[in-house]
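> After the structure tokens below, expect a handful of questions from me.
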Amino acid sequence: MFNIRLIVILTVFLAITALTACQPAQQNADVDDNDNAITADRILTNGTIITVDSSLPEAQSIAIKDGRILALGSAEEIDAFVGESTDVIDLDGKVAIPGFIEGHAHFLGLGQALMILDLVPTRSFDDIITMVEEAAKNASPGEWIVGRGWHQERWGSSNELLYDGLPHHRKLSAVSPDNPVMLIHASGHAVYANEMALALAGIIAESSDPDGGTIIRDETGDATGYLRQAASNPVRKLVREALDSLSESEQQQRFERQVELAGKESLKHGVTSFHDMGTNLANIDRLKKLADEGQLPVRLHVAIRQETNETLREKASEYRMIGYGDGFLTVRAMKRAIDGALGTHGAWLISPYADKTDTSGLPQTSLENLRETAQIAFDNGYQLNTHAIGDRGNREVMNLYESFMGKDPESDLRWRIEHAQTLDPSEVPRFAELGVIASMQGVHATSDGPWVPYRLGMVRAQQKAYVWRSLLDEGATICNGTDAPVESISALESYIASVTRRMADGTQFFPEQVMDRMEALYSYTLGCAKAVFDEDELGSLTVGKRADIAVLNGNLLTLPEDELTGLEVEMTLVGGEVRFAKTNLEMTN
Ligand SMILES: [Zn+2]
Numbered sequence: 107m108f109n110i111r112l113i114v115i116l117t118v119f120l121a122i123t124a125l126t127a128c129q130p131a132q133q134n135a136d137v138d139d140n141d142n143a144i145t146a147d148r149i150l151t152n153g154t155i156i157t158v159d160s161s162l163p164e165a166q167s168i169a170i171k172d173g174r175i176l177a178l179g180s181a182e183e184i185d186a187f188v189g190e191s192t193d194v195i196d197l198d199g200k201v202a203i204p205g206f207i208e209g210h211a212h213f214l215g216l217g218q219a220l221m222i223l224d225l226v227p228t229r230s231f232d233d234i235i236t237m238v239e240e241a242a243k244n245a246s247p248g249e250w251i252v253g254r255g256w257h258q259e260r261w262g263s264s265n266e267l268l269y270d271g272l273p274h275h276r277k278l279s280a281v282s283p284d285n286p287v288m289l290i291h292a293s294g295h296a297v298y299a300n301e302m303a304l305a306l307a308g309i310i311a312e313s314s315d316p317d318g319g320t321i322i323r324d325e326t327g328d329a330t331g332y333l334r335q336a337a338s339n340p341v342r343k344l345v346r347e348a349l350d351s352l353s354e355s356e357q358q359q360r361f362e363r364q365v366e367l368a369g370k371e372s373l374k375h376g377v378t379s380f381h382d383m384g385t386n387l388a389n390i391d392r393l394k395k396l397a398d399e400g401q402l403p404v405r406l407h408v409a410i411r412q413e414t415n416e417t418l419r420e421k422a423s424e425y426r427m428i429g430y431g432d433g434f435l436t437v438r439a440m441k442r443a444i445d446g447a448l449g450t451h452g453a454w455l456i457s458p459y460a461d462k463t464d465t466s467g468l469p470q471t472s473l474e475n476l477r478e479t480a481q482i483a484f485d486n487g488y489q490l491n492t493h494a495i496g497d498r499g500n501r502e503v504m505n506l507y508e509s510f511m512g513k514d515p516e517s518d519l520r521w522r523i524e525h526a527q528t529l530d531p532s533e534v535p536r537f538a539e540l541g542v543i544a545s546m547q548g549v550h551a552t553s554d555g556p557w558v559p560y561r562l563g564m565v566r567a568q569q570k571a572y573v574w575r576s577l578l579d580e581g582a583t584i585c586n587g588t589d590a591p592v593e594s595i596s597a598l599e600s601y602i603a604s605v606t607r608r609m610a611d612g613t614q615f616f617p618e619q620v621m622d623r624m625e626a627l628y629s630y631t632l633g634c635a636k637a638v639f640d641e642d643e644l645g646s647l648t649v650g651k652r653a654d655i656a657v658l659n660g661n662l663l664t665l666p667e668d669e670l671t672g673l674e675v676e677m678t679l680v681g682g683e684v685r686f687a688k689t690n691l692e693m694t695n
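The opening position of the sequence shown corresponds to residue 107 in our numbering, with each subsequent residue numbered one higher.
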């Protein structure tokens, strides 16, 4: 027989141990100044809340009011904030984390990529024909059909006659007789065009190959539609002209569609803030208007790009804005690039490429011009975000930064190096010493991994490529991201790449450089918040901060490695508002 008293004691004991097992709750007072009970607008309960805040690393429930975090604690503690109009979302054991902060990607570019045919998943030439046929049905005559992402090496064997790996355009042209078609290769360096596009671009059998480009031809000399490098320029130019000829209102519509699509794609992946690596002032005006109307889907931290130093000097102070439109738009960074990419031998290296020994790459801009931008950024309270991929490029940028940041040890400029993909060991400690942010994309390491050792040679690749473990050990702040649309905006994919460095074939790219799970989560949340001076508002689930939250179907800190790929984003909240929900998590009033 159970002793009723014993049950009560046991229950109390269990309740106490449960409470002490958790750390004390974090909350604002549960009554206001007039002793009225404070009620939450929304509560997420009965889950695992990973806060990325060391003062209370985990909780069961979180209460939200006026877009900010009101309290965190056990389910019972947070129950106290339930009022008549509180939305209570039962997480049912799911995991809530701070919303992912995308640290380097291209917001409008992502939207634009979503407006054209995504040919990445195609596995045969016929897949492409089917997609274009479908698109042609929905297009008005003369309208361009544009796609991107095909790669002939992903296609199985074919019975067709191939010219440099691709069939003649006949089949493509047959399904798109009234529309010009331009399909861009996954690398961006070639296009495949249909008959109408070739005709409009004036590419005929008699056309000669331009400098730096090749028109692929059949046995009769006729263009097959495959245009390599510079040979594709006349077609690309026509597409640009078609876009430029849109009316003001058509352009505005297109812009809003880009924002909407990029926002949806971000939210679907749990991304609540987005460091946009650059757009011009005209686009910033448009974004500002959307911020005024409350139409920005995620928080944007936009760097100014594609403007001359003269314009920057003139306009920087006018455009500087922080947390504009209820924290949805911040402009306080300038984006520049010192070099190109490793893939195209464009990254500026200290010593020559292993697979192209006649070059070490080149700077893309004069150091003097970059220094001028740095001065403008310094004078106007802007961050400078410089793309640097080669070890020489990184060294030059670091030297430049040091000449500004090193002047005053107290200076907190938080200038950033974007990508920082190849670092000489002597550069690594300088990030922490100078407070330079390493803006690195986890997923780049695993997608570039298969060919990086060819470019750099094995020893240099091991010593210098994507060395985020070395950076963290030296105390650097890493801000993670994807560089979308170059990669998918999937934060989870980049997170997994950061903690496994496992490539598509299952092997690891120098696994000694992995981040641990918490470091990777930090790099995607608080690390990126710090990288834009927003650590008091974003990046952790802390009372008073904005309620930007992603809900996952599993625990990214504890799942075994082989189960990480099963992680999915179930729900995304921005400012406490549910902006993406995959499944119907139980909602009660
Ligand atoms: Zn980029």
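The beta-carbon is built from N, C-alpha and C at its ideal position, and this holds for glycine as well. Predicted, not measured: the structure shown is a model, and the values here were computed from it.
Of all the alpha helix (DSSP H) runs that stay within the bounds of the region 206–272, which reach a length of 4 or more residues?
Those alpha helix (DSSP H) runs which fall completely within the region 206–272 and span 4+ residues are 213–221 and 231–244.
> Which of the three DSSP states, helix, strand or coil, is assigned to residue 736?
Outside the displayed range of the chain (107 to 695) lies residue 736, so it cannot be described from this structure.
> Less than 6 Å between the CB of residue 698 and some heavy atom of ligand 1, yes or no?
Any property of residue 698 remains undetermined from this structure, which presents the chain solely from 107 to 695.
> With which residues is residue 290 paired in a DSSP beta bridge?
254 and 297
> Are the region 425–440 and the region 397–407 touching, with three or more C-beta to C-beta distances below 8 Å?
Touching, per the Cβ criterion.
> According to DSSP, simplified to helix, strand and coil, what is residue 547?
coil
> Please classify residue 607: does DSSP put it in a helix, a strand, or coil?
Taken through DSSP and simplified to helix, strand or coil, residue 607 comes out as coil.
> Between residue 139 and ligand 1, is the CB less than 6 Å from at least one heavy atom?
no
> Any idea what DSSP makes of residue 127, helix, strand or coil?
Its pLDDT being 42, under 50, residue 127 is placed unreliably by the model, and nothing is read from it.
> Say whether the region 513–522 touches the region 561–574, bearing in mind that this needs 3 or more beta-carbon pairs closer than 8 Å, one atom from each stretch.
no
> CA-CA distance, residue 363 and residue 270?
37 Å
> Check whether the Cβ atoms of residue 548 and residue 604 sit closer than 7 Å, and answer yes or no.
yes
> In angstroms, rounded to a whole number, what distance separates the CA positions of residue 127 and residue 442?
In this predicted model, residue 127 has a pLDDT of only 42, less than 50, meaning its place in the structure is not dependable; the value taken from the coordinates is given anyway. Residue 127 and residue 442: Cα-Cα distance of roughly 49 Å.
> Pull up the CB-CB distance for residue 281 and residue 345, whole angstroms please, since I reckon it's below 8 Å.
Residue 281 to residue 345, Cβ: 19 Å. No contact.
> So, with DSSP's three-state summary, where would you put residue 484?
It is helical.
> Cβ of residue 204 within 7 Å of Cβ of residue 158?
It is a contact, given that the beta carbons lie within the stated cut-off.
> Hey, would you say residue 300 sits closer than 7 Å to residue 275, going by beta carbons?
yes
> Confirm, please, whether the CB-CB distance from residue 337 to residue 316 is below 7 Å.
yes
> Tell me, please, which residues DSSP counts as bridged to residue 360.
In the DSSP output, where bridge partners are listed per residue, residue 360 has none listed.
> For residue 594, collect the residues of the same chain with a Cβ closer than 7 Å to its Cβ; drop the 5 residues on either side in sequence, then sort them by chain order.
588
> Quick one: any contact between the region 205–222 and the region 369–380, if contact means 3 or more CB pairs under 8 Å?
yes
> With distances taken from CA atoms, which of 644, 451 and 582 is nearest residue 560?
451
> Give the DSSP-derived three-state secondary structure of residue 462 in the structure shown.
strand
> Using the Cα positions of residue 319 and residue 234, report the straight-line distance between them to the nearest angstrom.
24 Å
> So, helix, strand or coil for residue 675, using DSSP?
strand
> Please output, in chain order, the residues near ligand 1 using a CB cut-off of less than 5 Å to any non-hydrogen atom of the ligand.
383 and 589
> Determine whether the beta carbon atoms of residue 439 and residue 488 lie at a separation below 7 Å.
yes
> Thinking C-beta only, is residue 606 closer than 7 Å to residue 543?
Result no, Cβ atoms of residue 543 and residue 606 do not sit closer than 7 Å.
> With a Cβ-Cβ cutoff of 7 Å, do residue 678 and residue 267 count as a contact?
no
> Tell me whether the region 184–195 and the region 550–557 touch, counting them as touching only if at least three CB pairs, one residue from each stretch, are closer than 8 Å.
The region 184–195 vs the region 550–557: no contact.
> Extract the residue ranges of the beta strand (DSSP E) inside the region 394–466, only unbroken runs of 3 or more that lie entirely within it.
405–410, 427–429 and 435–443
> Please give me, in chain order, every unbroken run of the alpha helix (DSSP H) with length at least 4 that falls completely inside the region 321–357.
339–350
> If we call anything under 7 Å between Cβ atoms a contact, is residue 214 one with residue 590?
no
> In the DSSP assignment, the alpha helix (DSSP H) including residue 623 goes from what residue to what residue?
Residue 623 -> alpha helix (DSSP H) spans 623–629.
> In this structure, does DSSP put residue 552 in helix, strand or coil?
helix
> What three-state label does DSSP hand residue 161 in the structure shown?
coil
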